[in-house]
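Colleague: Residue numbers (this note's numbering), protein chains in the order written: chain U, 40 to 348; chain Z, -19 to 74.
For every residue, glycine included, the Cβ atom is placed at its ideal position computed from N, Cα and C.
A quick note: this is a predicted structure, and the numbers were derived from the prediction, not measured.
This is the structure I have questions about; it appears just below.
See the structure below:
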């Protein structure tokens, strides 16, 4: 696994293997890729984002995170494939090259490392963080109900035993706080994209409110263009819309926070499938899923590059 | 590792707001230990539930007695997990 050329992108991997592979990617592309330690998880595991940069100081940047819900394994696997794609296509793909000559990309492959490890060692169906909750025997907070955006509102549970438990307070989860700190301290993120599974959706804010965000028409148009690109590969169908209108009201979500923080181009993907395997998507669908998702991601990133604000 | 032998994932298609309400009440039944993969939010959207083997009969009877259509999306969760695990082990060996 130490050799990035022999790494199997069509398989699911443990956290240790992913972290080792990240080191090989950095070693193979030292002038483009670096590893940023954004802090530690509740169980004291390091949280790494890959930074793709050709230089400059705090250039406009794009944030992509995966695996905030640990059982959505195709999310982390897609992020691994995507990291490799960015690294290997720089200098070959003119559009990506121009993007990286102007902007940085931060890609966090495993945003909930404790949960991900637990899906491998304790319970494959685990979704939340692994934090202990005072006064409850149940563990973990839904890290995508824990952001300071309509925190504690509809679509989140106050029951610590629920899979949608919002946590004792906004940003109570160190995994969430670490991302918030990085985004705030950087101060120049222009897009924030979160990768989930499943249902084949591309969504934009809000989740905590069913009112349209001021940029809804533009975000909808960007989303539809991205989905058109995605579908061009295998014909996979995606729906586009605001979280509230396309699925359900869900408060405390990451892209609502990022949008309210001023990052206009905030999106969330729900990858394959639509209801054959759900969270248990077979590994032979990782590469097709990642390949089609890349077309959408690239489409969004190109739009962000060409529409500075 | 927690085992999921005999657990099934049911895909439920609600036909009315009344049926939606019944599924929402099912969500409150903590004894059944249901794992909602897709929650009952709208009659336009499917609901996916992982049902532990011990609760299968109760849930299916509940659905059938309320005329709520469902299909079995995953017949045995553990079988799928075993396949996933053997694929991972084969990859590691390779």
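For residue 304 of chain U versus residue 255 of chain U, is the C-beta spacing smaller than 8 Å?
Modeller: The residue labelled residue 304 of chain U in the question sits at position 265 within the first chain. The residue labelled residue 255 of chain U in the question sits at position 216 within the first chain. The answer is no: Cβ separation not under 8 Å.
Colleague: Run the CB neighbour count on residue 151 of chain U, radius 10 Å, all protein chains shown included, and call it buried at 16 or more, exposed below.
Modeller: Along the first chain, one-based indexing puts residue 151 of chain U at 112. It counts as buried.
Colleague: I need the straight-line Cα distance from residue 95 of chain U to residue 111 of chain U, nearest angstrom please.
Modeller: On the first chain, position 56 is the one that residue 95 of chain U refers to. On the first chain, position 72 is the one that residue 111 of chain U refers to. Cα-Cα distance, rounded: 35 Å.
Colleague: Using a Cβ-Cβ distance cut-off of 8 Å, determine whether residue 43 of chain Z contacts chain U.
Modeller: As a position in the second chain, residue 43 of chain Z is number 63, starting the count at 1. Not closer than 8 Å to any Cβ of chain U, the Cβ of residue 43 of chain Z fails to qualify, so no.
Colleague: Would you call the region 179 to 199 of chain U and the region 288 to 304 of chain U in contact, with 3 or more CB pairs under 8 Å?
Modeller: Counting Cβ pairs under 8 Å, three or more are found: they touch.
Colleague: Rounded to whole angstroms, what's the CA-CA distance from residue 87 of chain U to residue 77 of chain U? Just pull it up for me.
Modeller: Here the question's residue 87 of chain U lines up with position 48 in the first chain. Here the question's residue 77 of chain U lines up with position 38 in the first chain. As the crow flies, the alpha-carbon of residue 87 of chain U is around 6 Å from that of residue 77 of chain U.
Colleague: Quick check on residue 69 of chain Z: buried or exposed, where buried means 16 or more other Cβ atoms within 10 Å of its Cβ?
Modeller: In the second chain, counting from the first residue as 1, residue 69 of chain Z sits at position 89. The residue in question, residue 69 of chain Z, is exposed, as its Cβ has fewer than 16 Cβ neighbours within 10 Å.
Colleague: Could you spell out the range, first to last residue, of the alpha helix (DSSP H) harbouring residue 152 of chain U?
Modeller: If you number the first chain from 1, residue 152 of chain U lands on position 113. Where residue 152 of chain U is concerned, the enclosing alpha helix (DSSP H) stretches over 152 to 160.
Colleague: From what residue to what residue does the beta strand (DSSP E) around residue 31 of chain Z run?
Modeller: Numbered from its first residue, the second chain carries residue 31 of chain Z at position 51. Note, residue 31 of chain Z: beta strand (DSSP E), 27 to 31.
Colleague: Taking the straight line between their C-alpha atoms, what separation do you get for residue 92 of chain U and residue 264 of chain U?
Modeller: Residue numbering aside, residue 92 of chain U sits at position 53 when the first chain is read from its first letter. Residue numbering aside, residue 264 of chain U sits at position 225 when the first chain is read from its first letter. Approximately 26 Å, taken between the alpha carbons.
Colleague: Which residues share a DSSP beta bridge with residue 286 of chain U?
Modeller: By 1-based counting over the first chain, the position of residue 286 of chain U is 247. Note: residue 286 of chain U sits in no beta bridge, so no partner.
Colleague: Just grab the DSSP bridge partners of residue 85 of chain U for me.
Modeller: By 1-based counting over the first chain, the position of residue 85 of chain U is 46. The partner list for residue 85 of chain U (beta bridge, DSSP) reads U:79.
Colleague: What does a CB cutoff of less than 8 Å around residue 197 of chain U pick up in its chain, not counting 5 residues either side in sequence?
Modeller: As a position in the first chain, residue 197 of chain U is number 158, starting the count at 1. Correct list, in chain order: 191, 204, 205.
Colleague: How big is the Cα-Cα spacing for residue 177 of chain U and residue 64 of chain U?
Modeller: For the purposes of this step, residue 177 of chain U is identified with residue 138 of the first chain, where counting begins at 1. For the purposes of this step, residue 64 of chain U is identified with residue 25 of the first chain, where counting begins at 1. Cα to Cα, residue 177 of chain U sits roughly 38 Å from residue 64 of chain U.
Colleague: With H, G and I counted as helix, E and B as strand and the rest as coil, what does DSSP make of residue 71 of chain U?
Modeller: Residue mapping note: residue 71 of chain U aligns to position 32 of the first chain, counting from 1. Here residue 71 of chain U sits in coil by DSSP.
Colleague: Just to confirm, is the Cβ distance from residue 155 of chain U to residue 103 of chain U under 8 Å?
Modeller: Residue mapping note: residue 155 of chain U aligns to position 116 of the first chain, counting from 1. Residue mapping note: residue 103 of chain U aligns to position 64 of the first chain, counting from 1. Taking 8 Å as the Cβ cut-off, residue 155 of chain U and residue 103 of chain U do not qualify as a contacting pair.
Colleague: How do the region 166 to 177 of chain U and the region 333 to 348 of chain U stand: do at least 3 beta-carbon pairs fall below 8 Å, yes or no?
Modeller: no
Colleague: By a C-beta neighbour count over all protein chains shown, 10 Å radius and 16 as the cutoff for buried, is residue -3 of chain Z buried or exposed?
Modeller: As a working mapping, residue -3 of chain Z is identified with position 17 in the second chain. With fewer than 16 Cβ atoms within 10 Å of its Cβ, residue -3 of chain Z is classed as exposed.
Colleague: Verify the CB distance criterion: does residue 123 of chain U have a CB-CB separation below 8 Å to chain Z?
Modeller: Translated into positions along the first chain, residue 123 of chain U becomes position 84. Output row for residue 123 of chain U: interface = no.
Colleague: For the putative contact between residue 57 of chain Z and residue 30 of chain Z, defined by C-beta atoms under 8 Å, what is the C-beta separation to the nearest angstrom?
Modeller: Counted from its first residue, the second chain places residue 57 of chain Z at position 77. Counted from its first residue, the second chain places residue 30 of chain Z at position 50. Confirmed, Cβ separation roughly 6 Å.
Colleague: Determine the closest residue to residue 258 of chain U out of U:69, U:276, U:298, with distance taken between C-alpha atoms.
Modeller: Locating residue 258 of chain U in the first chain gives position 219, counting from the first residue. It is U:298.
Colleague: Could you name the residues of chain U that residue 46 of chain Z contacts, counting a contact when the two beta carbons are closer than 7 Å?
Modeller: Locating residue 46 of chain Z in the second chain gives position 66, counting from the first residue. Those within 7 Å of residue 46 of chain Z in chain U number zero; the least Cβ separation is about 21 Å.
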